[in-house]
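Just so you know, the protein sequences line up as chains A and B, in that order.
Each residue of the first sequence is one higher than the one before, starting from 1 at the first, in the working numbering.
Each residue of the second sequence is one higher than the one before, starting from 1001 at the first, in the working numbering.
Down below is the structure, laid out as C-alpha cells.
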Amino acid sequence: MDIIGVSRLERFASRRKDDLADLSALAAFIRATGPLPARQLAERLAHLVVAQDGESLELAMPNADCCVRLVVSRDHQSVHVVHVERERA
Amino acid sequence: MAVSVEPIRDPEACERALLEIDTLLEASPGTADADRLEILSILVADYERRTSELPDPDPVAFLQFAMAGQGRNQTDLAQLLGSRSRASEVLKRKRALSAEMIDRIVAEWRLPYEQLARHYAVESGAMRILRRGAIATVALVMLGASVAAGLVSYYGADLPSTDELRVYASSMPSPPADFVALADLPPDVVSAFLAAEDGNYYAHGGADPFAIMRATFNAVPDLLAGRKPSSGATITQQLAKTMLLKDEGPTLGRKVRELILAGRLEDALGKERILELYLNASYFGGPAYGLTAAAWFYFDKPADRLSLPEAAYLAAVLKAPNSLRIDVPDNIAPAAQRRNWVLTRMADDGMITPVAARLAQEAPLRR
Chain A
1 MDIIGVSRLE
11 RFASRRKDDL
21 ADLSALAAFI
31 RATGPLPARQ
41 LAERLAHLVV
51 AQDGESLELA
61 MPNADCCVRL
71 VVSRDHQSVH
81 VVHVERERA
Chain B
1001 MAVSVEPIRD
1011 PEACERALLE
1021 IDTLLEASPG
1031 TADADRLEIL
1041 SILVADYERR
1051 TSELPDPDPV
1061 AFLQFAMAGQ
1071 GRNQTDLAQL
1081 LGSRSRASEV
1091 LKRKRALSAE
1101 MIDRIVAEWR
1111 LPYEQLARHY
1121 AVESGAMRIL
1131 RRGAIATVAL
1141 VMLGASVAAG
1151 LVSYYGADLP
1161 STDELRVYAS
1171 SMPSPPADFV
1181 ALADLPPDVV
1191 SAFLAAEDGN
1201 YYAHGGADPF
1211 AIMRATFNAV
1221 PDLLAGRKPS
1231 SGATITQQLA
1241 KTMLLKDEGP
1251 TLGRKVRELI
1261 LAGRLEDALG
1271 KERILELYLN
1281 ASYFGGPAYG
1291 LTAAAWFYFD
1301 KPADRLSLPE
1311 AAYLAAVLKA
1321 PNSLRIDVPD
1331 NIAPAAQRRN
1341 WVLTRMADDG
1351 MITPVAARLA
1361 QEAPLRR
C-alpha cells in the first residue's frame, strides 16, 4: 500500500526519538501491507485502534504518545495520513 | 474534462495538495473529484518518495510496534521463539534475529519479512563485557575514593594541619646538636640518599603509588626469602614517621596517618626543606642521630666533606642502622654490599658515571 502524507509523519516524528521509532514503524507497516480495506488494516493493528468510521481509522501510537488519523482510499491502494496530533492526557 | 494541477516541488505545494486530498477522500469513483484525488495522490506520493527522510525502523522497533498493535507481549514472543532469555535478548538488542526466528514470526504473526530481515546493530559479547567492566571500574574508583576520604577524616582529625606544620620551615622538634644545611652538602651526598631511599622524590607529592604497589607485590617474596619487606615509604613519609609519629607502632592506622602527614608536609615545607629535615632527623646507628653526627661517628669528619663512597655508605646504613654499622666487624660485608648497591643505583639513575661508581665500590668502607 502506498502511504500519502508520510511527510506529516516525518515532521511530527522529528520531535522525539520515540515518535520516530513508532511512526516510521507505522509507515513501514502500511507500506508492507497489501491493498486492504480499513477494516482489515484495523484487524492487523487492533490494539492500536481508537476509532473506526468507514475507511477512516484513528490509531494511538504505543510509544509516541500521539494519535494518527488515516483514511484508506476507495480502491484500497493507498493510505492517507490525514492528521497527527499529541494525545491529550 | 481537463484537470488543472500544479507540480509539487516544495513542502508548501505538498501541504496544499495534502489539504486538498483531505477534502476529496470521499469522492465517488468516476467523478472529476475522484480523478483529481488520484492525480494529486500520485504527485504527492512521488514527491514524498523523493524527499521524505522518515527512515525505515530497525527490525526490533518494527517488531515492538507490531506486537503492540496486535496486543502481544514479551511472553508471547518467548513462546514463539521457545525461550524467555532469547526473547528478552532480542528485544534488548543483545541478540540478532536469526533466520529461523524471522520465519516463525512471519508465519505466525503475519509480519512482513523484509522489515524483520534488515541488518541492525546488536551489542556484542565483547562490548557487553567492556561496558560491565567500565561500570565496575567506576564503582571501584568511587568506592576507593569514599574509603580514602573516610580514612583521611578518621585518622587525620588529630594530626597537625598544613598551617601548623609550617613552623618546621625554620625549626624541628628535636634538633640535632650539629644541624647541617642542605645547601652546604656536596651534591653526591644528597644524590646518594635520593638513590637509596626515594628515586622519585622530586616527582611525587608525598607518597609514591608505584613504590607502594611495588612494595605490596614484593612483600610475600621478601618474607619467604627472610628479608624485611620494603614499606614503599618516601622520604617525606619517613620524615613524618620519624618526626611526628615516632611513638606509634606499625599499624595500618599509622600508615594512613603517615600518608596524610606526608601530603601536608609537602604543602607546608617544600622538597628542599623536607630533605634537609630528613637528613638531620634520621638515625644512622650507634649514637648517631642526624647526618652531622653520623659523619663524625663513622668517618671523623664534617658532613660537608664526605666523599662519594662515604656518602653512599651513610645512605645505605639507614635501611638497618644497627645491622649495618661498620664499627661492628661482622657488619662489614653486608654494609659493603648495601653501599655498593647504592652506588650502582646512583650510576643507573645518571647521578654519577659508571666509572665513578666502580672506583667508589672498590674503596674500603673505612680508611
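For every residue, glycine included, the Cβ atom is placed at its ideal position computed from N, Cα and C.
Between A21(A) and L1054(B), the CB-CB gap reaches or exceeds 8 Å. Listed in chain order, the positions of the region 1042–1058 of chain B with a beta carbon within less than 7 Å of a beta carbon of chain A are V1044, A1045, E1048, S1052, E1053, L1054, P1055, D1056, P1057.
Among the residues of chain B, none has a CB under 8 Å from the CB of A38(A); the nearest is roughly 11 Å distant. The C-beta separation of A1316(B) from R1345(B) comes to about 10 Å, leaving the pair out of contact by the 8 Å criterion. In this structure, the beta-carbon distance from V1180(B) to A1294(B) does not fall below 8 Å.
Relative to T1023(B), the option among S1307(B), A1211(B), R1036(B), A1013(B) whose CA is nearest is R1036(B). Here the alpha carbons of V72(A) and L1018(B) stand approximately 14 Å from one another. By the Cβ test, the region 1350–1366 of chain B is not in contact with the region 1196–1206 of chain B, since fewer than three Cβ pairs between them sit closer than 8 Å. Taking a beta-carbon distance threshold of 8 Å, L1018(B) counts as an interface residue toward chain A. Residues of chain B whose Cβ lies closer than 8 Å to the Cβ of R44(A) are, in chain order, G1069, Q1070, R1110. Counted as a single uninterrupted DSSP element, the alpha helix (DSSP H) harbouring I1042(B) occupies residues 1032–1051. Between L1182(B) and R1257(B), the C-beta spacing is not below 8 Å. Here the alpha carbon of L1043(B) sits roughly 37 Å from the alpha carbon of E1108(B). Q1074(B) has a beta carbon lying at 8 Å or more from every beta carbon in chain A. For A1061(B), the closest Cβ of chain A is nearer than 8 Å. Straight-line measurement puts the Cα of A1225(B) at about 26 Å from the Cα of A1192(B). For A60(A), the uninterrupted beta strand (DSSP E) run begins and ends at 56–60, by DSSP. Taking 7 Å as the cut-off between beta carbons, the residues of the region 48–64 of chain A near chain B are L48, P62, in sequence order. Y1283(B) sits in a strand when the DSSP states are folded into three classes. In the structure shown, A51(A) adopts extended strand secondary structure according to DSSP, grouped into three states. I1102(B) and G1071(B) have their C-alpha atoms roughly 19 Å apart. Under the three-state reduction of DSSP output, S1088(B) falls in the helix class.
Annotated three-state conformation of L70(A) is strand, per DSSP.
Counting the other CB atoms within 10 Å of its CB gives D53(A) a total below 16, which places it among the exposed residues. For P1029(B), the nearest CB of chain A lies under 8 Å from its own CB, placing it at the interface with that chain. Shortest Cα-Cα distance from R44(A) to any of G1069(B), K1241(B), A1134(B), A1121(B) involves G1069(B).
Residue burial annotation: F1217(B) is exposed, with fewer than 16 other C-beta atoms found within 10 angstroms of its C-beta. Closest by C-alpha distance to D75(A), out of E1026(B), D1330(B), R1110(B), is E1026(B).
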